[in-house]
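For reference, the structure is listed below as structure tokens.
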Amino acid sequence: MGVWSWSDPWPLFWLKVLILQGLFFFARYLLVAGLAQALLVWKGARLHPVRIYPDGPPTGQKLREFGWSLVTFWVFGFTGVVGFSWTRLGYTQLYREVHRYGPGYLVFSLVLLVFFHDAYFYWLHRLMHRPNWYWVHQRHHQFRRPTPWASFAFGPVEAFLLSWVVPLALCLFPLHPWTVLAFLWFMTVMNVIGHLGVELYPSGLLGRWGLRLLNNATHHGMHHGEFNCNYGLYFNSWDRWLGTNHPLYEEKVKAILAARSGLGKKDDPTPEEPTRLQEEEGSG
Numbered sequence: 164m165g166v167w168s169w170s171d172p173w174p175l176f177w178l179k180v181l182i183l184q185g186l187f188f189f190a191r192y193l194l195v196a197g198l199a200q201a202l203l204v205w206k207g208a209r210l211h212p213v214r215i216y217p218d219g220p221p222t223g224q225k226l227r228e229f230g231w232s233l234v235t236f237w238v239f240g241f242t243g244v245v246g247f248s249w250t251r252l253g254y255t256q257l258y259r260e261v262h263r264y265g266p267g268y269l270v271f272s273l274v275l276l277v278f279f280h281d282a283y284f285y286w287l288h289r290l291m292h293r294p295n296w297y298w299v300h301q302r303h304h305q306f307r308r309p310t311p312w313a314s315f316a317f318g319p320v321e322a323f324l325l326s327w328v329v330p331l332a333l334c335l336f337p338l339h340p341w342t343v344l345a346f347l348w349f350m351t352v353m354n355v356i357g358h359l360g361v362e363l364y365p366s367g368l369l370g371r372w373g374l375r376l377l378n379n380a381t382h383h384g385m386h387h388g389e390f391n392c393n394y395g396l397y398f399n400s401w402d403r404w405l406g407t408n409h410p411l412y413e414e415k416v417k418a419i420l421a422a423r424s425g426l427g428k429k430d431d432p433t434p435e436e437p438t439r440l441q442e443e444e445g446s447g
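The number in my numbering is simply the position in the sequence shown, starting from 1, with 163 added.
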């Protein structure tokens with residue numbers, strides 16, 4: 164008998180889902196964030212011109228990021244218990260036979276899930292920046308110069324709110340387990356990229372159309388420094404449509420591109436505008 168069975172007694176079923184989900188999220192995070200951190204250490208000197216922040220994180224920050232990410236994964240595991248329970252009771256549209264909808268829908272449903280998550284995150288993120296809701300999001304913004312380990316460093320309430328994307332999507336449209344698995348890997352990689360602290364995207368993705376379509380490490384890095392801007396996740400559509408991009412976002416990307424090509428100052432590739440973070444540190 165295998166480890167997993169849909170016919171397990173409910174208490175055993177819930178316990179297995181909680182443990183397996185928590186371990187799966189942790190292993191994926193450890194692999195992706197660990198590889199990103201190894202790249203930053205290995206290529207540190209060469210990546211210096213494309214840093215988003217002028218300095219590195221404070222001492223001990225990575226350990227705190229790691230600790231809060233562990234909390235997040237067990238919260239995600241709890242939501243997984245709910246999602247799997249809904250599926251076992253027949254409330255979701257999870258299907259197991261690819262031929263039921265065909266391989267074309269398999270790909271389309273992944274794209275649909277990504278766009279669904281992008282919209283869900285943008286509006287939830289904006290809500291959490293409202294004065295009455297900021298306490299939910301405040302833990303993540305304690306890491307003002309985040310590292311790859313901060314990609315899932317949320318407070319428990321924020322982690323709970325963020326974790327409903329897949330269970331809700333399963334209730335709204337059919338999804339295959341392969342689609343869900345591919346999405347979870349994609350989401351993890353993109354989250355880590357957003358917290359790299361350096362801009363690694365090729366110049367082709369940082370041109371005019373790339374900036375209008377896709378978000379990048381600079382986009383989210385500016386959010387951590389400026390707070391009330393750049394709320395999007397994967398795409399720049401919502402920020403562009405609703406005017407929530409930082410007004411100097413494109414200039415900062417251009418400065419990084421200039422530094423990458425050797426035209427900018429190696430130790431300060433970003434524009435010299437005062438940031439909220441700099442103002443706070445200057446007055447502290």
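We put the CB at the ideal spot given by N, CA and C, even for glycine.
This structure is a prediction, so every number in the text was calculated from the model and none was measured.
Please state whether DSSP places arginine 209 in a helix, a strand or coil. For arginine 209, the three-state secondary structure derived from DSSP is helix.
Taking all protein chains shown into account, do 16 or more other C-beta atoms lie within 10 angstroms of the C-beta of leucine 333, making it buried, or fewer, making it exposed? Leucine 333 should be labelled buried.
Measuring only the C-alpha atoms, how far is valine 352 from phenylalanine 323? Rounded to the nearest angstrom, the two C-alpha atoms are 20 Å apart.
Residue environment, aspartate 486, which counts as buried when at least 16 other CB atoms sit within 10 Å: Residue 486 is absent from the structure shown; the chain starts at 164 and stops at 447.
Among Phe390, Tyr254, Tyr412, Leu257, which has the Cα closest to the Cα of arginine 375? Distance from the Cα of arginine 375 is smallest, within the candidate group Phe390, Tyr254, Tyr412, Leu257, for Tyr412.
Express the C-alpha separation of threonine 342 and leucine 294 in angstroms, rounding to a whole number. Checking the sequence shown, residue 294 turns out to be proline, not leucine. The alpha-carbon of proline 294 is positioned some 36 Å away from that of threonine 342.
Out of curiosity, what's the CA-to-CA distance linking tyrosine 397 and glutamine 256? Whole-angstrom Cα-Cα distance: 25 Å.
Name the residue from Phe188, Leu338, His304 whose alpha carbon lies nearest to the alpha carbon of phenylalanine 239. Taking phenylalanine 239 as reference, the option from Phe188, Leu338, His304 with the minimal CA-CA separation is Phe188.
Hey, how far is the Cα of tyrosine 364 from the Cα of alanine 196? Computed Cα separation, rounded: 17 Å.
Counting C-beta neighbours from all protein chains within 10 Å, is the total for leucine 193 16 or more, i.e. buried, or is it exposed? Result: exposed.
Which residue comes first and which comes last in the alpha helix (DSSP H) that contains alanine 422? From DSSP, the alpha helix (DSSP H) with alanine 422 extends over 412-423.
How many Å lie between valine 328 and histidine 280 at the Cα? Rounded to the nearest whole angstrom, the CA to CA distance from valine 328 to histidine 280 is 6 Å.
Could you tell me the alpha carbon to alpha carbon distance between glutamine 301 and arginine 251, rounded to whole angstroms? Glutamine 301 and arginine 251 have their alpha carbons spaced roughly 36 Å apart.
Report the residue ranges of all alpha helix (DSSP H) runs contained in full by the region 244-314; include only those spanning at least 4 residues, in chain order. Taking only runs of at least 4 residues, the alpha helix (DSSP H) segments lying wholly in the region 244-314 are 266-291, 297-304.
May I ask you to report which of helix, strand or coil DSSP gives leucine 359? In the structure shown, leucine 359 falls within a coil segment according to DSSP collapsed to helix, strand and coil.
Please go through the same chain and pick out, in chain order, the residues whose beta-carbon is closer than 6 Å to the beta-carbon of serine 168, but skip the five residues on each side of it. Excluding positions up to five away in sequence, the list is empty.
Inter-stretch contact at 8 Å, needing at least 3 Cβ pairs: the region 267-284 / the region 220-231: Judged by Cβ distances under 8 Å, the region 267-284 makes no contact with the region 220-231, as fewer than three pairs qualify.
Please look up how many angstroms separate the CB atoms of cysteine 392 and threonine 407, rounded, as I've assumed it's under 8 Å. Yes, they are in contact, since the Cβ atoms of cysteine 392 and threonine 407 sit about 6 Å apart, within 8 Å.
Within 10 Å of its beta-carbon, does tyrosine 254 have 16 or more other beta-carbons around it, so buried, or fewer, so exposed? Per the 10 Å Cβ criterion, exposed.
Whole angstroms are fine: how far does the CA of serine 232 sit from the CA of valine 204? Near 21 Å, if we compare the C-alpha coordinates of serine 232 and valine 204.
Are there 16 or more other CB atoms within 10 angstroms of the CB of alanine 313, so buried, or fewer, so exposed? Taking all protein chains in view, the Cβ of alanine 313 is crowded by 16 or more other Cβ atoms within 10 Å, so the residue is classified as buried.
Nonlocal neighbours in the same chain, by C-beta distance under 7 Å from valine 270, ignoring five residues either side: Correct list: empty, nothing qualifies.
How many angstroms separate the CA atom of leucine 115 from the CA atom of valine 355? Lying outside 164 to 447, the shown extent of the chain, residue 115 is not represented and no answer is given.
Name the DSSP beta bridge partners of arginine 214, please? Partner residues in the beta bridge of arginine 214, as assigned by DSSP, are Val361.
Going along the chain, which residues of its own chain have a beta-carbon closer than 8 Å to the beta-carbon of serine 366, five neighbours each way excluded? In its chain, beyond the 5 residues on either side, Leu420, Arg423 have a beta carbon closer than 8 Å to the beta carbon of serine 366.
Once you ignore the five residues that flank arginine 403 on each side, which residues in its own chain have a CB closer than 7 Å to its CB? Taken in chain order, the residues that qualify are Arg375.
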